[in-house]
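Data first, discussion second: the structure below is written as structure tokens.
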Amino acid sequence: MTIASRLRRESETTITPTGYCRALPIYNPKVELARMPELRKWHTAAYAKRDNFHTCGHSSAAEAIACYLRYVADLCVKPDVKSDRDGCCLVCGRKSRRIAVAEVHSWFAFFCKDHMSSEFYGLALKVWLFREFSKR
Ligand SMILES: [Zn+2]
Ligand SMILES: [Zn+2]
0 MTIASRLRRE SETTITPTGY CRALPIYNPK VELARMPELR KWHTAAYAKR
50 DNFHTCGHSS AAEAIACYLR YVADLCVKPD VKSDRDGCCL VCGRKSRRIA
100 VAEVHSWFAF FCKDHMSSEF YGLALKVWLF REFSKR
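Note that numbering that gives the first Met the number 0 gives residue 28 to position 29 of the sequence shown, counting from 1, and the numbers run on in steps of one.
Structural data, given as structure tokens:
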């Protein structure tokens, strides 16, 4: 077996833990966090959810997917971002220019001011991601 084919096989079989399924990354506050305000924001939010991070794995794929969906909804959504076009609230259909965005999955959806809450965008994102995962 060549090195290239071995590396390819290893990268196909090695799973890199992501989301909550890894130790909470620690960044140097005077270096990384000082230079990257987005990272600092993420780190502050992640630290508040530190009890969700774990390194013991999951006993089933379904459980791992649920864990990842929770992570994305908790820590990867930017709520209340101004859009340059009109859309309809995903919950009530009212016109809105406000979106919730999960850049990591190129996802966004419109919500009115009454429905721009983690309860609604978290659920909408979970449904969308679940469909994406199911396609694979
Ligand atoms: Zn997990
Ligand atoms: Zn609404």
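The C-beta atom is built at its ideal place from N, Cα and C for all residues, glycine as well. From a predicted model like this one, the values you see are computed outputs, not experimental measurements.
{"Check": "Cβ neighbours of tryptophan 106 in the same chain (closer than 8 Å, five flanking residues each side left out)", "Outcome": "Val100, Leu124, Trp127 and Leu128"}
{"Check": "Short Cβ contact (9 Å threshold) for phenylalanine 109 with arginine 96", "Outcome": "yes"}
{"Check": "Classification of methionine 35 by the beta-carbon crowding that lies within 10 angstroms, buried from 16 upward", "Outcome": "exposed"}
{"Check": "DSSP-derived helix/strand/coil call for arginine 21", "Outcome": "coil"}
{"Check": "Phenylalanine 119, DSSP secondary structure in three states", "Outcome": "helix"}
{"Check": "Contiguous alpha helix (DSSP H) assignments of at least 4 residues, all confined to the segment 46 to 101", "Outcome": "60 to 74"}
{"Check": "Cα-Cα separation, histidine 57 to valine 103", "Outcome": "23 Å"}
{"Check": "Cutoff 9 Å: alanine 47 Cβ touching any chain B Cβ", "Outcome": "The question asks about chain B, but that chain is absent: this structure has only one protein chain."}
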